[in-house]
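Residue numbers (my numbering): 76 to 374.
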């Protein structure tokens, strides 16, 4: 069977993320951030892309997934700092320094590994004696990881402020859909598109969880120290594989089988996106218009 590429894969691929009362859009040449201030005014900022993340490393399969993940985390932190200041009406005095950013990224990495990889491993060890083989123990560990991940997303989604962020998340996806379809940017046109998107970061994270379940099934559970180390050192490889799968699903998004496999990712986005109101869509359009304008001016 030959897979047919989606008709829009030749167009520039825009992505982004929701921030506090705003949207960040990653364009071809830069990132734009649009945030609504308390007085209702929408302000826009530009974040430069890192040369190390947009060179030859971005062309190497598996490696590019790790590069994209690091770049997304760094730019995301900068965008959040901007949105936090603008949405509260405060002036952004200092952008996060390299040292503070490195420390924050390290803490985030340790937290993620601890909660979503080592904790399920520890919990599965409690029931280890109940199973006759390692395969079952590894499957239980994977199921626990999935439960923790979905439970965490559901829990944070109960907070009022996060619900608004999820609304902006939906607005970002809908605006990206519109641009991919080469439709005219307007609030009414954006409303025609779904708040879920195949290339969403949520899809990437869920894919990481699924791939880790399959990957760690074949990893021996003895000695125990190797079991712990394996849950740390193989995370970059799993992230690289997951990125390639997400990239593949985006390129062949019109294929029925690809959509069927990716359906759980879209289903999970029911938890991380909300149908946005008009004011949220306006902010997303502002960020996208600015990104397209800067891309066009760079040609």
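The beta-carbon is built from N, C-alpha and C at its ideal position, and this holds for glycine as well.
Item: Identify, in the order they occur along the chain, each residue of the same chain with its Cβ nearer than 6 Å to the Cβ of residue 221, setting aside the five sequence neighbours on each side.; Value: 284
Item: Tell me whether the segment 117-137 and the segment 265-285 touch, counting them as touching only if at least three CB pairs, one residue from each stretch, are closer than 8 Å.; Value: no
Item: I believe residue 96 touches residue 110 by the beta-carbon criterion, under 8 Å. Please report the beta-carbon distance rounded to the nearest angstrom.; Value: 6 Å
Item: Compute the distance between the beta-carbons of residue 89 and residue 262, then report whether it is under 7 Å.; Value: no
Item: For residue 123, write down the residues that DSSP places opposite it in a beta bridge.; Value: 105
Item: Run through the DSSP bridge pairs and tell me what residue 118 is partnered with.; Value: 110
Item: Measuring CB to CB, does residue 290 end up less than 7 Å from residue 317?; Value: no
Item: Would you mind stating whether residue 156 and residue 99 have Cβ atoms separated by less than 7 Å?; Value: no
Item: Kindly say whether residue 282, judged by its beta-carbon, lies nearer than 7 Å to any beta-carbon of chain D.; Value: Checking the listed chains, one finds no chain D in this structure; it contains a single protein chain.
Item: With DSSP as the reference, please indicate the residues paired to residue 265 in a beta bridge.; Value: Looking at the DSSP assignment, residue 265 forms no beta bridge with any residue, so it has no partner.
Item: Following the continuous beta strand (DSSP E) through residue 90, name the residue where it begins and the one where it ends.; Value: 90-94
Item: Quick one: Cα of residue 304 to Cα of residue 313, how far?; Value: 14 Å
Item: Could you pull out every unbroken alpha helix (DSSP H) segment of at least 4 residues lying fully inside the segment 173-218, listed in chain order?; Value: 173-188, 194-201
Item: Return the CA-CA distance between residue 341 and residue 172, expressed in angstroms with no decimal places.; Value: 35 Å
Item: For residue 213, I'd like the list of residues in its chain whose CB is within less than 6 Å of its CB, leaving aside the five on either flank, ordered along the chain.; Value: 291, 292
Item: Check residue 100 in the structure and name its three-state DSSP category.; Value: strand
Item: What is the residue span of the alpha helix (DSSP H) that residue 140 lies within?; Value: 138-162
Item: Identify, in the order they occur along the chain, each residue of the same chain with its Cβ nearer than 6 Å to the Cβ of residue 93, setting aside the five sequence neighbours on each side.; Value: 240, 243, 244, 247
Item: Where do the ends of the alpha helix (DSSP H) carrying residue 277 lie?; Value: 276-292
Item: Just reading off the alpha helix (DSSP H) that residue 337 is part of, what are its end residues?; Value: 331-347
Item: Taking DSSP as the reference, what is the three-state secondary structure of residue 232?; Value: coil
Item: Please classify residue 326: does DSSP put it in a helix, a strand, or coil?; Value: helix
Item: Taking residue 306 as part of the alpha helix (DSSP H), name the residues at either end of that continuous run.; Value: 299-308
Item: Measuring straight from C-alpha to C-alpha, what distance separates residue 286 and residue 165?; Value: 42 Å
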